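Taken in order, these protein sequences are the chains called Z and A.
In this text, residue positions in the first sequence follow this note's numbering: the first is -1, and each later residue adds one.
In this text, residue positions in the second sequence follow this note's numbering: the first is 47, and each later residue adds one.
One structure is given here, and the rest of the page talks about it.
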Amino acid sequence: DAGITQSPRHKVTETGTPVTLRCHQTENHRYMYWYRQDPGHGLRLIHYSYGVKDTDKGEVSDGYSVSRSKTEDFLLTLESATSSQTSVYFCAISPALAGVVDTQYFGPGTRLTVL
Amino acid sequence: SQELEQSPQSLIVQEGKNLTINCTSSKTLYGLYWYKQKYGEGLIFLMMLQKGGEEKSHEKITAKLDEKKQQSSLHITASQPSHAGIYLCGAGTGTASKLTFGTGTRLQVTL
């Protein structure tokens, strides 16, 4: 298994509070991704990173921000959590070269509930 | 944007039976990836197909890519309870190093 962990694995929070999810890898891969998975929508890309301090938006980036200060860590922040952000969040990593598609390896997921 | 449609959405088969899951793209495929997800867990990479006509196998699972039809199929031979889960296909979007995913096929294997 690719060395990828997510923390926390489960979190319950209240509307309006900030939340930060962490993704940590030990593979030294360039690309890291944050997805959310919801019934009927499948996996949707939130943000991704192609290097330290290099990030870009995915298809559902509103309400989310990310940061990558080290190769191994990719943080996803919900500035002010809303109930619509209740979901399962997955981090993925990829050894892809710049602009080339390659296999993505997924973490175990974080189940977030916003009350 | 590219869309991937999987069929069927769900499937119940008896142990020992064969089954096929299809993944059809609305645009040209730049690599096709198959993943399996057990309930409540992360996605496990199964295999990747890149060239039209390519076929790969892993244990009792075989995937094929028909590039002209913008379609891939995943075939499981002699299904077992361990095959149960959600199967997702993902495809390169041709932009950066991103994948788009289908909504998944839920497979149940009965004894």
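The beta-carbon is built from N, C-alpha and C at its ideal position, and this holds for glycine as well.
A quick note: this is a predicted structure, and the numbers were derived from the prediction, not measured.
Who are residue i's beta bridge partners in DSSP?
i	result
Z:V64	Z:L74
Z:V50	The partner list for Z:V50 (beta bridge, DSSP) is empty, contrary to what the question assumes.
A:E101	A:K110
A:T156	A:Q60
Exposed or buried, which one is residue i when buried takes at least 16 other CB atoms within 10 Å?
i	result
Z:L113	exposed
Z:R7	exposed
Z:A94	buried
Z:V10	exposed
Z:H27	buried
Z:L76	buried
A:T164	Coverage of chain A is limited to positions 47 through 157, which leaves residue 164 of chain A absent and any answer about it impossible.
A:G136	buried
A:L157	exposed
Z:T15	exposed
Is it the case that the Cβ atoms of residue i and residue j are separated by a distance below 8 Å?
i	j	result
A:V155	A:H129	yes
A:M93	A:G77	no
A:K176	A:E101	Here chain A has residues from 47 to 157 only, and residue 176 of chain A is not among them.
Z:T53	Z:V64	yes
A:S125	A:N64	yes
Z:L73	Z:T3	no
Z:T84	Z:T111	yes
A:K97	A:G131	no
A:Q48	A:T139	yes
Can residue i be considered in contact with the ligand COA, in the sense that its beta carbon sits closer than 7 Å to one or more heavy atoms?
i	result
A:N68	With respect to the ligand COA, the structure shown offers nothing to examine, as it has no ligands at all.
- [ ] Kindly confirm or deny that the region 31 to 41 of chain Z and the region 67 to 77 of chain A touch, where touching means at least three C-beta pairs closer than 8 Å.
- [x] no
TODO: Evaluate contact between the region 15 to 30 of chain Z and the region 84 to 103 of chain Z, counting only Cβ atoms and requiring at least three cross-stretch pairs below 8 Å.
DONE: Contact holds: three or more Cβ-Cβ distances are below 8 Å.
Task: Contact between the region 39 to 47 of chain Z and the region 133 to 148 of chain A (3+ Cβ pairs under 8 Å) - done: yes
Task: the region 91 to 112 of chain Z: positions lying closer than 9 Å to chain A by Cβ - done: S92, A94, L95, A96, G97, V98, V99, D100, T101, Q102, Y103, F104, G105, P106, G107 and R109
Open item on the list: Which residues of the region 60 to 91 of chain A have a Cβ closer than 7 Å to any Cβ of chain Z? Give them in chain order.
Closed with: Y76, G77, Y79, E87, G88, L89 and F91
Task: Near-chain Z residues of the region 127 to 157 of chain A (beta-carbon distance less than 9 Å), N- to C-terminal order - done: Within the region 127 to 157 of chain A, contact with chain Z at the beta-carbon level (separation under 9 Å) is assigned to L134, G136, A137, G138, T139, G140, T141, A142, S143, K144, L145, T146, F147, G148, T149 and G150.
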